[in-house]
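Trainee: These protein sequences, in sequence, are chains A and B.
One point on numbering: in numbering that gives the first Met the number 0, the residue at position 401 of the first sequence is 400, and numbering is uninterrupted.
One point on numbering: in numbering that gives the first Met the number 0, the residue at position 593 of the second sequence is 592, and numbering is uninterrupted.
Just so it is clear, CB atoms sit at the ideal spot from N, CA and C, and this is done for glycine as well.
Protein chains: 2
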Amino acid sequence: MVTGYTGNILRVDLTKEDISIENPDDIFYRRYMGGEGFVAYYLLKELKVGIDPLSPENKLIFAAGPLTGYAIPGTGRNSVGAKSPLTGGFGEAEVGGYWGAELKHAGFDAIIIEGKAKKPVYLWIKDGEVEIKEASHLWGKVTGEAEAIIKKELGDKLIRVAQIGPGGEKLVRYACIINDLRNAAGRGGLGAVMGSKNLKAIAVRGHKKLEVSNKEKLKAKIQEYHDVAYKTYAGYFEYGTGGGIMESFAESGNLPTRNFRDGNFSGAKVLDPSIMKEEINLTMDACYACSLRCKKVVNIKEPWNVDPIYGGPEYESIGAFGSNCGVDDLKAVCKANELCNKYSLDTISTGVSIGFAMECYENGILIDKDTNGIKLNFGNAKAMIQMVEMIAKREGLGDILAEGVKKAAEKIKKGADKLAMHVKGQEIPMHEPRFKQGMGVGYAISPTGAEHMANIHDTSFANERAIQQHSAIGILEPLQLNDLSAKKIRILTYYSNWRNVSNALLVCYFLPWDYVDIPEIVNAVTGWYTSTWELMKLGERITTMARTFNIREGFTKKDDWLPQRFFQPHTSGALANTVINSEELERAINIYYTMMGWDNDGIPTKIKLEELDIGWVSQSLYSK
Amino acid sequence: MVTGYTGNILRVDLTKEDISIENPDDIFYRRYMGGEGFVAYYLLKELKVGIDPLSPENKLIFAAGPLTGYAIPGTGRNSVGAKSPLTGGFGEAEVGGYWGAELKHAGFDAIIIEGKAKKPVYLWIKDGEVEIKEASHLWGKVTGEAEAIIKKELGDKLIRVAQIGPGGEKLVRYACIINDLRNAAGRGGLGAVMGSKNLKAIAVRGHKKLEVSNKEKLKAKIQEYHDVAYKTYAGYFEYGTGGGIMESFAESGNLPTRNFRDGNFSGAKVLDPSIMKEEINLTMDACYACSLRCKKVVNIKEPWNVDPIYGGPEYESIGAFGSNCGVDDLKAVCKANELCNKYSLDTISTGVSIGFAMECYENGILIDKDTNGIKLNFGNAKAMIQMVEMIAKREGLGDILAEGVKKAAEKIKKGADKLAMHVKGQEIPMHEPRFKQGMGVGYAISPTGAEHMANIHDTSFANERAIQQHSAIGILEPLQLNDLSAKKIRILTYYSNWRNVSNALLVCYFLPWDYVDIPEIVNAVTGWYTSTWELMKLGERITTMARTFNIREGFTKKDDWLPQRFFQPHTSGALANTVINSEELERAINIYYTMMGWDNDGIPTKIKLEELDIGWVSQSLYSK
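Okay, structure coming up:
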């Protein structure tokens with residue numbers, strides 16, 4: 000077995016209560032590498048076409064990567080995947096924390112969950128031993144309570160738990176999976192898949208020592224990291240994401256405001272964790288082995304009690320519950336975030352769903368009768384928090400919003416679909432595509448629906464170091480925000496493929512490591528003689544596999560598009576005269592297809608699949 | 000200016016006797032890097048479409064690379080390019096020796112020669128100073144004499160000379176350019192272009208000290224090289240190319256025999272320099288700064304005097320004049336090789352042209368009247384040597400053969416075209432495509448015509464180290480010799496692009512450095528933060544630019560094909576039952592086009608050009 004792995008893939012069939020361990024060959028590990036690579040492989044290889052994502056036929060994959068479980072900053076992540084109940088297509092998300100490392104230490108590289116348990120269960124994995132355990136007493140419990148009970152009954156405080164709260168149990172279509180109470184595999188509704196299988200949690204504990212191929216080299220790379228990181232990422236150490244940027248984001252029009260309707264948000268300043276540090280009692284936490292410590296922990300007593308065990312909000316959550324709901328109250332945002340972690344709801348989809356409902360309410364599409372009398376105006380922090388609870392419990396309007404804005408709009412009718420801010424059914428993250436237009440194209444073409452995690456950040460040429468880093472893949476000239484020419488799409492193509500490298504290796508984006516460092520680190524750990532080329536091709540392979548999955552599930556070119564709102568300007572602010580040009584967008588998408596080696600309908604060609612060393616995938620596209 | 004370059008490109012207009020120096024910007028250097036990259040740039044950018052390659056409108060480019068002139072083993076090379084008088088398409092060749100390094104030391108990265116001198120001249124470049132000098136007294140002289148006179152009249156024995164002999168002056172369409180009397184920019188007839196410009200030689204001397212970005216890193220890489228090279232390349236140190244392999248090549252059917260007609264060559268053993276070492280008084284020489292010392296020097300008194308100043312034959316020359324002419328006499332091969340260096344003829348094209356004439360003679364297509372009575376049978380060593388002289392001087396049949404086998408066959412008629420072993424007018428090198436079938440596809444699609452220098456070697460998975468090296472670009476499974484499936488074409492695509500990286504950076508193929516080392520070395524010298532991805536894309540860029548050049552000159556898909564002979568088996572030997580399947584070949588070529596991002600006719604798409612960061616090139620294809 001290649002260093003970097005345990006060599007064991009755990010397969011658990013909950014219907015049959017069958018537990019087995021598989022040992023794939025070295026080429027499997029090298030070709031797919033881990034994380035999203037494993038997810039793409041198993042979903043394409045094993046899932047029947049057209050299944051209901053919430054049926055026992057769906058499979059839920061948890062996957063670590065070659066660097067997971069080592070004392071390497073930024074590698075404390077794991078990937079989760081399934082057919083998404085939110086989009087009906089490829090579902091995959093990454094999550095930080097400690098659980099992934101613990102899984103490797105317990106002797107497994109990945110877990111494939113199949114079938115559906117007759118009654119609620121949880122998995123208990125300890126040092127290679129696996130047990131399916133009764134969980135009826137945990138069902139209905141919020142994550143904090145469930146974790147406390149699990150640790151107590153298993154008698155080990157150092158157990159790591161990935162789990163769902165009531166949101167996942169209630170099959171909220173954007174329910175997430177929560178690691179260590181505060182880290183979310185957020186997007187795509189993977190928590191609902193877990194809920195549909197009656198699987199409450201996976202508790203893990205392990206003591207395996209992982210081997211390193213070249214300790215000296217690895218040590219040197221980590222030292223380099225420390226030399227650079229403390230210079231480059233000071234803001235992250237102190238305030239995490241969103242710190243010090245909220246006001247400038249608002250001023251540039253990049254901060255989604257009132258369901259992406261408005262421009263500059265006057266309350267941006269008081270949403271900034273660097274300004275509100277005292278008010279929210281901000282401290283910082285980290286993922287496994289990471290010295291960056293970018294994870295917020297907030298501790299608030301009034302007007303809402305926010306329990307620090309649930310961490311604190313990331314930038315995405317601040318945007319979704321703050322400006323996007325017109326709420327200029329960081330404490331309320333923290334409360335909404337805490338509830339999402341308790342109930343296992345994705346903060347982006349939850350916030351955008353509420354913002355959608357607020358605009359429906361202000362436009363008279365929803366009325367008091369629909370909201371149980373809640374005054375669901377933009378800026379009503381209390382109403383927002385109520386809505387989070389109602390979504391998690393599927394109460395009243397919450398039951399409709401729990402379907403995601405696309406399905407909700409179909410139920411609400413009356414033109415609500417024009418206010419539903421999603422791509423492929425997944426709610427839009429907190430980067431305004433009229434500002435970052437490359438990101439906009441990325442939203443449109445992402446296989447998981449609107450997503451910021453496998454996408455370009457058009458502002459990434461901010462400093463000399465970034466310019467140097469990008470040159471390593473032949474990007475020699477800076478990005479322009481509103482450029483959608485082939486030059487820009489080239490960069491989007493490279494970037495989005497590389498993001499999938501991070502999602503396969505499970506290297507955090509916030510680390511200063513780049514196209515040159517990462518192959519070196521992979522080499523140091525695994526001994527693989529790898530290169531930027533091999534890894535970039537891995538990224539392209541994964542993008543193409545995810546695309547293929549969607550095509551076989553019936554997605555077409557038409558699904559690669561943005562909500563109508565982005566072709567109109569903001570009501571005010573810096574982008575009051577800026578839109579995405581729909582013809583340019585269409586041209587950009589076509590360019591992207593061609594650059595990916597896909598045909599004019601965005602279908603990967605047989606030859607491209609062969610070039611990516613996954614000829615077998617063509618069965619999904621061409622055998623019918 | 001980026002470290003690794005002088006920042007100066009010399010432009011000499013021989014018609015106007017105008018000398019100028021240009022200073023391209025950093026992005027030019029990084030995007031095209033050097034060597035074949037510069038050649039591709041200037042030919043596409045500056046040459047008018049449809050010009051006669053032997054007219055003053057052609058341009059002759061000499062280009063060094065970022066590593067040239069440093070004390071780095073394997074980098075003592077330069078590239079030469081022009082529109083080829085042999086193929087009418089993209090002409091480019093690389094050459095070892097000392098001249099390239101001297102050019103950089105003299106203060107120039109490249110030379111662009113334009114126009115035509117009124118009478119013979121040579122260029123004298125010394126430490127940034129450039130002079131056009133009278134060369135009437137050198138015209139007609141063999142290279143050894145001319146070099147001696149130049150060194151004497153300029154009063155410096157350490158001057159390095161790139162020049163043509165009478166073959167170039169007589170516009171033999173496969174005349175080469177000779178550096179240091181023994182190193183040839185062999186293929187494509189670049190010596191004829193030099194001759195057509197009345198340019199006899201370029202003499203260079205320089206003392207510039209080139210800066211290194213990271214001396215420690217460079218030193219470490221060179222030390223690594225020494226550790227590996229002496230273990231891996233023992234055969235090269237002692238006998239150079241061809242040493243110890245001739246008999247096994249013959250036995251496997253890989254040794255071209257009697258104009259590619261026959262199989263196993265019984266005389267292979269006595270063509271082997273490792274066996275004939277004493278007979279040819281073999282000693283070894285090196286290129287600039289190279290410790291590999293793979294260049295043969297032979298010293299023979301009888302039956303032919305072979306002057307050691309002209310070095311000795313490479314494998315390609317042994318094959319072309321030996322087995323391919325049915326000649327089992329290494330001394331005769333050495334003499335033919337010496338004459339080629341004296342007259343500046345490409346040994347491959349010369350040998351294959353003579354082999355062609357021999358088969359014509361044996362088949363009665365040429366008769367004694369045509370050969371001036373020379374009995375031009377296979378195996379007639381003396382006749383072979385006579386023919387080299389006649390070609391160089393364009394005497395009798397030599398005048399016809401000096402046009403290359405394609406044009407010669409058109410003149411000879413009587414079915415001679417069936418015996419003309421060429422692709423796009425360039426004679427086939429000494430690797431049997433029925434044996435190495437990937438190489439065969441490479442011959443068919445190479446922009447320069449049949450060529451082994453930008454091609455796959457199907458036997459490259461010979462050892463553990465090779466397997467590891469290839470894994471760096473995602474080649475995880477070994478090659479099969481006769482496989483022409485998409486799996487194989489993927490590897491051909493990667494390989495041939497990477498070869499163009501070597502041809503741009505001017506790194507010798509014989510060095511043990513690979514996909515991982517080379518970016519590191521480029522980084523150490525230039526400071527560029529580069530990667531395998533950036534370099535592989537450079538290779539793809541160059542391949543695509545060369546392809547584009549050919550298309551605008553009228554080449555079509557039909558020109559990507561092999562001689563009919565390869566679809567028939569050898570008369571005997573290991574390949575007596577082996578052919579290239581023409582349907583498989585066609586499919587393989589189509590797969591290659593697609594993998595390169597070209598359309599079904601092999602024309603690069605606009606989007607592919609943008610993806611390669613050379614959008615401007617589309618003018619050559621789409622502006623009409």
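Along the chain, where does the beta strand (DSSP E) containing B:M283 start, and where does it finish?
Mentor: 282-284
Trainee: Tell me which same chain residues have a C-beta within less than 6 Å of the C-beta of B:E358, skipping the five on either side of it?
Mentor: Correct list, in chain order: N258, L418.
Trainee: Taking all protein chains shown into account, do 16 or more other C-beta atoms lie within 10 angstroms of the C-beta of A:A382, making it buried, or fewer, making it exposed?
Mentor: With 16 or more other Cβ atoms within 10 Å, it is buried.
Trainee: Taking the alpha-carbon positions, what's the B:M32 to A:R30 distance?
Mentor: Computed Cα separation, rounded: 31 Å.
Trainee: Is it the case that the Cβ atoms of A:G167 and A:L13 are separated by a distance below 7 Å?
Mentor: no
Trainee: For B:K486, go through chain A and note every residue whose CB falls closer than 9 Å to its CB, in chain order.
Mentor: E609, D612, G614
Trainee: Can we say the region 501-512 of chain A touches the region 555-562 of chain A, given the rule of at least three CB pairs closer than 8 Å?
Mentor: no
Trainee: Between the region 218-229 of chain A and the region 122-130 of chain A, do at least 3 Cβ pairs fall closer than 8 Å?
Mentor: no
Trainee: Considering Cα atoms alone, identify which of A:I317, A:M193, A:S212 is closest to A:E246.
Mentor: Among A:I317, A:M193, A:S212, the Cα nearest to that of A:E246 belongs to A:I317.
Trainee: Below 8 Å CB to CB, which residues in the same chain sit around B:Q385 once its five sequence neighbours on both sides are set aside?
Mentor: I373
Trainee: Apart from the five residues on each side of it in sequence, which residues of its chain come closer than 6 Å, Cβ to Cβ, to A:K150?
Mentor: K156, I158
Trainee: For chain B, is any of its Cβ atoms less than 7 Å away from the one on A:I317?
Mentor: no
Trainee: Going straight from the alpha carbon of A:Q563 to that of A:E450, what length do you get?
Mentor: 17 Å
Trainee: Am I right that A:V171 and A:A401 are in contact with their C-beta atoms under 8 Å? What's the rounded C-beta distance?
Mentor: 4 Å
Trainee: Return the residue from the list B:P446, B:D612, B:W497 that minimises the CA-CA distance to B:F89.
Mentor: B:P446
Trainee: For A:T547 and B:G439, what's the separation of their Cα atoms in angstroms?
Mentor: 33 Å
Trainee: Mind checking if B:V500 is an interface residue toward chain A, Cβ cutoff 7 Å exclusive?
Mentor: no
Trainee: Name, going along the chain, the residues of the region 460-480 of chain A whose beta-carbon falls closer than 8 Å to a beta-carbon of chain B.
Mentor: Q467, Q468, S470, A471, I472, G473, L475, E476
Trainee: Return the residue from the list A:E56, A:K58, A:G95 that minimises the CA-CA distance to A:G75.
Mentor: A:G95
Trainee: Output, in chain order, the set of chain A residues within a Cβ distance shorter than 7 Å of B:E533.
Mentor: A471, I472, G473
Trainee: Which first and last residues belong to the beta strand (DSSP E) in which B:S19 is found?
Mentor: 17-21
Trainee: A:T492 to A:N589, Cα distance in whole Å?
Mentor: 12 Å
Trainee: From the DSSP secondary-structure annotation, give me the bridge partner or partners of B:F61.
Mentor: B:F61 pairs with B:V79, B:I110.
Trainee: What does A:G596 reach in chain B if we use C-beta pairs closer than 9 Å?
Mentor: T593, M594, G596
Trainee: How about A:A174 and A:S343: do their beta carbons lie closer than 7 Å?
Mentor: Contact annotation: A:A174 and A:S343 have beta-carbon atoms nearer than 7 Å.
Trainee: Can you name the residues of chain B whose CB is closer than 7 Å to the CB of A:V515?
Mentor: Here the neighbours are Y528, S530.
Trainee: Which of the residues in the region 543-574 of chain A, read from start to end, lie with their CB under 7 Å from any CB of chain B?
Mentor: none
Trainee: Return no unless some Cβ of chain A is closer than 7 Å to the Cβ of B:I590.
Mentor: yes
Trainee: Along the chain, where does the alpha helix (DSSP H) that runs through A:F27 open and close?
Mentor: 25-31
Trainee: Give a yes or no on whether 7 Å exceeds the smallest Cβ distance from A:K536 to chain C.
Mentor: Here the protein chains are A and B, and chain C is not one of them.
Trainee: Run the CB neighbour count on A:A81, radius 10 Å, all protein chains shown included, and call it buried at 16 or more, exposed below.
Mentor: buried
Trainee: Between the alpha carbons of A:G143 and A:G441, how many angstroms are there, rounded?
Mentor: 35 Å
Trainee: Show which residues of chain B have a CB atom less than 9 Å away from the CB atom of A:I541.
Mentor: Under the 9 Å cutoff, chain B gives no residues; its nearest Cβ is about 13 Å from A:I541.
Trainee: Secondary structure at A:I299, three-state DSSP: helix, strand or coil?
Mentor: strand
Trainee: Only counting the same chain, and skipping five residues up and downstream in sequence, which positions put a Cβ closer than 6 Å to that of B:V500?
Mentor: Taken in chain order, the residues that qualify are L534, L537, G538.
Trainee: What alpha helix (DSSP H) runs, 4 residues minimum, are completely inside the region 148-194 of chain A?
Mentor: 165-168
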